[in-house]
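Peer 1: Just so we're aligned, residue 13 is where the sequence shown starts under our numbering, counting upward by one.
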Amino acid sequence: MPSPKRPAADEPGAVVDELPTDPDDPRIEIRRSRRRTRTVSARREGDGVVVLMPAGLGRAEERRLVSDMLARLRRSGRRAGNRSSDAELMRRATALSASWMEGGPRPATVRWVDPMRTRWASCSPDSREIRISETLRDVPAYVLDYVLVHELAHLVVPGGHPPEFWELVRRFPRTERAMGYLEAYARVLRSGGRGGDGGPGEGPGDLVRDDDEDAVGAGGG
13 MPSPKRPAAD EPGAVVDELP TDPDDPRIEI RRSRRRTRTV SARREGDGVV VLMPAGLGRA
73 EERRLVSDML ARLRRSGRRA GNRSSDAELM RRATALSASW MEGGPRPATV RWVDPMRTRW
133 ASCSPDSREI RISETLRDVP AYVLDYVLVH ELAHLVVPGG HPPEFWELVR RFPRTERAMG
193 YLEAYARVLR SGGRGGDGGP GEGPGDLVRD DDEDAVGAGG G
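#1: Return the bridge partner residues of V63 from the DSSP annotation.
#2: Counting along the chain, where does the alpha helix (DSSP H) carrying E187 start and finish?
#3: Cutting at 6 Å between CB atoms, please list the residues of its own chain near L101, excluding the five before and the five after it.
#4: Mark P175 as exposed unless 16 or more other C-beta atoms lie within 10 angstroms of its C-beta, in which case mark it buried.
#5: For the alpha helix (DSSP H) containing S109, name the first residue and the last one.
#6: Pop quiz: A72 and R44 are said to be a contact at Cβ under 8 Å. What is the actual Cβ separation, rounded to whole angstroms?
#7: So the candidates are D36, I142 and L69; which of them puts its Cα closest to the Cα of R50?
#8: Suppose contacts are defined by Cβ-Cβ distances below 7 Å. Is S134 in contact with R143 by that definition?
#9: Check the DSSP bridge columns for S139 and list the partner residues they point to.
Here is the structure:
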């Protein structure tokens, strides 16, 4: 078997399209939720931006938060190239599959989702959907790559983490380093170092079973 080539996903990403800068830009969609009490997040969707925030805030506070999230998105985009969009996340997963798994796992969708309390990401093998927590938007590229590889491996070996699952995941050469990063990152999130509602509470290598989902959690294992 030929040795896998280094993934194109490690190469610098393309420059992102210009993001909105005005909080009143029509390309910005604000989604308010009464389930949110203090966290605010934002993501790119197509050529626009979706901002998720608690319901009941005043107009001035909403505009301030939107301006802050737009600035964060621009900073994140400069660090991570085009990875802030779902489309680029899908391209990244496809490149990783080709580089380390001979193109075997083929997800139907790969997308960002709201922060999860007990996992970094999840995969539904039946529908071939992969979901990545927005908590990972600002992690180093190799850490995001590891999480994607982990979830891609569930499309080949669903339902747990037997030896053949880890054999597949560890083709990615920075697996152990990424797991160590996630373990430390989880402690920072739980201690409130990044604010918000805290982070996942399991382990970076642990598999959490939830109905038809396989997930990578956030603590040792």
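Beta carbons are placed, not taken as given, at the ideal position from N, Cα and C, and that holds for glycine.
Peer 2: Checking against the coordinates, here is how it stands:
#1: I42 and A54
#2: Contrary to the premise, residue 187 reads as Thr rather than Glu in this sequence. T187 to R202 is the span of the alpha helix (DSSP H), which, as asked, contains T187.
#3: V122
#4: exposed
#5: D98 to W112
#6: The Cβ separation is near 15 Å, so there is no contact.
#7: L69
#8: The answer is yes: Cβ separation under 7 Å.
#9: According to DSSP, which records beta bridges pairwise, S139 is partnered with nothing at all.
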